[in-house]
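Please read the structure below before turning to the comments.
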Amino acid sequence: MKKILITGGAGFIGSHVVRRFVNHYPDYEIYNLDALTYAGNLENVSDIENKPNYTFIKADITDASVISALFKQHSFEAVIHLAAESHVDRSITNPLAFVQTNVTGTLNLLNAFKERWANDFEGKRFYHVSTDEVYGTLGATGLFTEQTAYAPNSPYSASKAASDHFVRAYGETYKLPYVITNCSNNYGPNHFPEKLIPLFINNIINNKPLPVYGDGNYTRDWLFVVDHAAAIDLVFHEGKNHETYNVGGFNEWKNIDLVKLLCKIMDAKLGRPAGESEKLITYVKDRPGHDLRYAIDASKINKELGWKPSVTFEEGLNFTVDWFLNNQQWLKNVTSGDYMNYYTDQYINRV
Ligand code: NAD
Ligand code: TYD
């Protein structure tokens, strides 16, 4: 497989995947397709934009005719599909946008791939990047395995679950060669500052309140984005067709404990007295339908493919905080304009 279409490559995780493939595989032709929504930013891939094996295509996956024409023109042999609406809070206010991009957009890609390769699937691959949120919520114990039944609770996770089902159904019905990964919460450089960790880093820098939803006792399983990109590379090359793999770092944190750790790290880096940033913590109205706990059992990908995270959480978080402190212009660029409207809607009346 030489001609690879990566969707959503101007976003957070996609930019790390694109960078990895462009740099590690000079004989592949990497096409980065992205609609450049609020979450897409070509600054995220500026370091590789002039490489000879890289091409950017601005296109919207909800446009079936454009997607089909692109497959006819370029004959992409493989797809790594990350383009999505990805923020749970936005899905609560506008679920339809999530159906359009995450469900219809995925179908458009599946159809274009199927039309182009219907009698010639040998050596081709459709890689669908998904989330652990499709499994719903855990209680205090237990882990999500690949056998856990889907039970999505938010419009975001429902749309991702639907897209996973369509990918699987195309595998069964049309023999389309697919692989799916369901990963836990990512963090790292280029993370859009609406999500917990980058939002709180930005607010600590600017001495703004840290809006913790509910009592803060919600648990997430955090993975460094570079390790997710490495897992995607491995599964893309060595994963079995028609299989799904869970990806996670066995790294569970209650939100409030994570926020306190972040405050401690940032006080030290910003030269503030210990305990200073914690004073910014503000408990706000909870998210409706807030999933209590996510935790991934990543033993299948570890045992079958040998993947494991390369950094500890402390290393990854320190690296991430340093990246944001050293890239404050990036932060300023992505938090201007529309971002401020979103921030006002979400938070100003929430406290
Ligand atoms: P993101 O929101 O940072 O980036 C999404 C990208 O998709 C953006 O560049 C955006 O411009 C593009 N996009 C959105 N709608 C589009 C459309 N209609 N056509 C073309 N491009 C479009 O998201 P992310 O956090 O990088 O997540 C990437 C993928 O990984 C998603 O599929 C998400 O469900 C999945 N995932 C994310 C996490 C996480 O913690 N962020 C964890 C597991 C899985
Ligand atoms: P988020 O980064 O939105 O990821 P997800 O909801 O997909 O797991 O949120 C991570 C956790 O942090 C989640 O439990 C919601 C919580 N949270 C807050 O407490 N305050 C915030 O301002 C945000 C954005 C999230």
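When we follow my numbering, the leftmost residue of the sequence shown carries the number 39, and every step to the right adds one.
Positions of the beta carbon are idealized from the N, C-alpha and C atoms, including for glycine.
Suppose the cutoff is 8 Å on Cβ atoms and the five residues either side in sequence are ignored; what does the same chain contact list for residue i look like?
{"i": "Lys292", "result": "Gly254, Asn255, Tyr256 and Thr257"}
{"i": "Phe204", "result": "Val141, Thr144, Leu145 and Leu148"}
Please report the Cβ distance between residue i and residue j, rounded to the nearest whole angstrom; I am assuming they are in contact, meaning their Cβ atoms lie under 8 Å.
{"i": "Ala77", "j": "Gly49", "result": "5 Å"}
{"i": "Tyr332", "j": "Asn224", "result": "Not a contact, Cβ separation roughly 12 Å."}
{"i": "Gly287", "j": "Trp260", "result": "7 Å"}
{"i": "Val60", "j": "Asn91", "result": "6 Å"}
{"i": "Phe136", "j": "Tyr69", "result": "Rounded, the Cβ-Cβ distance is 25 Å, inconsistent with contact."}
{"i": "His54", "j": "Val263", "result": "5 Å"}
Suppose the cutoff is 7 Å on Cβ atoms and the five residues either side in sequence are ignored; what does the same chain contact list for residue i look like?
{"i": "Asn79", "result": "Ala48 and Val372"}
{"i": "Val172", "result": "Tyr188, Pro190, Ser195, Lys198, Ala199, Asp202 and Asn220"}
{"i": "Pro231", "result": "Leu237, Asn240, Leu369, Val372 and Thr373"}
{"i": "Gly252", "result": "Asp324 and His328"}
In the DSSP assignment, what residue or residues form a beta bridge with residue i?
{"i": "Phe182", "result": "Ile334"}
{"i": "Ser168", "result": "Asn220"}
{"i": "Asp72", "result": "Lys96"}
{"i": "Ala116", "result": "Ile42 and Arg163"}
{"i": "Trp368", "result": "Answer is none; Trp368 lacks a bridge partner."}
{"i": "Phe262", "result": "Tyr225"}
{"i": "Phe67", "result": "As written in the sequence, residue 67 is Glu, which differs from the Phe given in the question. Answer is Lys41, bridged to Glu67."}
{"i": "Val322", "result": "Tyr251"}
What's the gap between the Cα of residue i and the Cα of residue j?
{"i": "Pro347", "j": "Tyr165", "result": "20 Å"}
{"i": "Asp170", "j": "Asn220", "result": "5 Å"}
{"i": "Pro401", "j": "Glu87", "result": "Since the displayed the chain opens at 39 and closes at 389, residue 401 lies outside it and no answer follows."}
{"i": "Lys317", "j": "Val250", "result": "12 Å"}
{"i": "Thr186", "j": "Thr179", "result": "14 Å"}
{"i": "Glu290", "j": "Lys110", "result": "44 Å"}
{"i": "Tyr380", "j": "Phe159", "result": "43 Å"}
{"i": "Ile51", "j": "Ala312", "result": "32 Å"}
{"i": "Thr45", "j": "His112", "result": "14 Å"}
{"i": "Leu227", "j": "Val359", "result": "This sequence places Pro at residue 227; Leu is not what is there. Approximately 8 Å, taken between the alpha carbons."}
{"i": "Phe182", "j": "Ile339", "result": "13 Å"}
{"i": "Tyr212", "j": "Glu67", "result": "26 Å"}
I'd like the list of long-range same chain contacts for residue i, defined as Cβ closer than 6 Å, with 5 residues on each side in sequence excluded.
{"i": "Val126", "result": "Ser192 and Tyr194"}
{"i": "Ala102", "result": "Asn146"}
{"i": "Arg163", "result": "Ala116 and Pro215"}
{"i": "Arg57", "result": "Ile86"}
{"i": "Ile334", "result": "Asp170, Phe182, Ser222, Asp259, Asn284 and Gly286"}
{"i": "Asn279", "result": "Pro215"}
Completely contained beta strand (DSSP E) runs for the stretch 185 to 257, where each covers 3 or more residues: 216 to 221, 223 to 225 and 248 to 251
Tell me the start and end of each unbroken beta strand (DSSP E) in the stretch 265 to 296 that is at least 3 residues and wholly inside, in chain order. 281 to 285 and 290 to 292
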